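Start counting at 1 in the sequence shown, then tack on 1, and there's your number in this note's numbering.
Just so it is clear, CB atoms sit at the ideal spot from N, CA and C, and this is done for glycine as well.
Being a predicted model, the structure only gives us computed values, none of them experimental.
One structure is given below, encoded as structure tokens.
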Amino acid sequence: MIPDPLNLAWPRAYGLCLLRPVTEHDVDDILAYRSRPEVARFLTHPVLNRDAVLARIHQRIRPLTVDAREVTRGLAVEVKGRLVGDAMMRVDHTDEETGPRVWIGYAFNPEAWGKGYATDTATCLTRAGTAMGLRVWADTVPGNVGSERVLTKAGLHLVGVQVVGNGPRNVFASD
């Protein structure tokens, strides 16, 4: 069975950020920024409406099946009790030689940008992945210098470029 990030102890804190599993109650807070073009421009999806945000939450909290080859879990990022962003941990087992690995990602309300929350979140996610015994991976749109700095501060390094459905992505990994 593939490792499930929700089996870790949550909530987890790093710096000013507290990460906990997302719930349906987070939909409006997440919609407040996931519906904004300036947030979506560096993500793998376009702006989202309420139904799309709710569907993502449901997908990220559903029970894990015994034969799953991949699981994506959503996490709310809070600072002083206020949701400022969300993150994900996706464990996949698509490479039989290397075994499971965890991919991390995050998005924040623009009002929370530039305050170190992304670095705290990426560091927390990297530590969580390491606690699972997995190598941690992430990707960015080329030119997203802010996220590249965040991932480097969190202990990941650039390992190459990967082409996905919507274009090239810079790929980062832990040691």
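DSSP three-state label for residue 88, please.
strand
Residue 106: buried (16+ other C-beta within 10 angstroms of its C-beta) or exposed?
buried
What does the alpha-carbon distance come out to for the pair residue 151 and residue 17?
15 Å
Please report the Cβ distance between residue 57 and residue 82, rounded to the nearest whole angstrom; I am assuming they are in contact, meaning their Cβ atoms lie under 8 Å.
Taking 8 Å as the upper bound for CB-CB distance, residue 57 and residue 82 are not in contact here, some 23 Å apart.
Using DSSP bridges, identify the partner residues of residue 107.
88
Cβ shell of residue 121 (< 7 Å), same chain only, five flanking positions each side left out
Cβ contact annotation for residue 121 (same chain, cutoff 7 Å, sequence separation greater than five): 15, 16, 17 and 18, in chain order.
Put residue 146 into one of helix, strand or coil per three-state DSSP.
In the three-state scheme derived from DSSP, where H, G and I count as helix and E and B as strand, residue 146 is classed as helix.
Neighbourhood of residue 141 by C-beta distance below 6 Å, restricted to the same chain and skipping five residues each side:
148, 149 and 171
Locate the alpha helix (DSSP H) running through residue 10, then write down its first and last residues.
Element bounds for residue 10: n/a, residue is neither H nor E.
Member of 44, 160 and 144 whose CA lies at the smallest distance from the CA of residue 166:
Closest option to residue 166, Cα to Cα, is 44.
Would residue 24 and residue 88 qualify as a contact pair, given that the criterion is a beta-carbon distance under 9 Å?
Taking 9 Å as the Cβ cut-off, residue 24 and residue 88 do not qualify as a contacting pair.
Backbone secondary structure at residue 161 - three-state DSSP
strand
Examine the Cβ distances between the stretch 52-72 and the stretch 153-165 and report whether three or more of them are shorter than 8 Å.
Touching, no, given that fewer than three Cβ pairs across the two stretches are closer than 8 Å.
Secondary structure of residue 155, DSSP reduced to three states
coil
What residue range is occupied by the uninterrupted alpha helix (DSSP H) comprising residue 56?
51-62
With respect to the beta strand (DSSP E) encompassing residue 82, which residues constitute its N-terminal and C-terminal limits?
According to the DSSP assignment, residue 82 belongs to no beta strand (DSSP E), since it is labelled neither H nor E.
Need the endpoints of the beta strand (DSSP E) that residue 35 sits in, please.
Taken as a continuous stretch (DSSP letters only), residue 35 belongs to no beta strand (DSSP E), being part of the alpha helix (DSSP H) at 28-35.
For residue 102, which residues in the same chain have their Cβ closer than 6 Å to its Cβ, ignoring the five residues on either side in sequence?
135, 136 and 138
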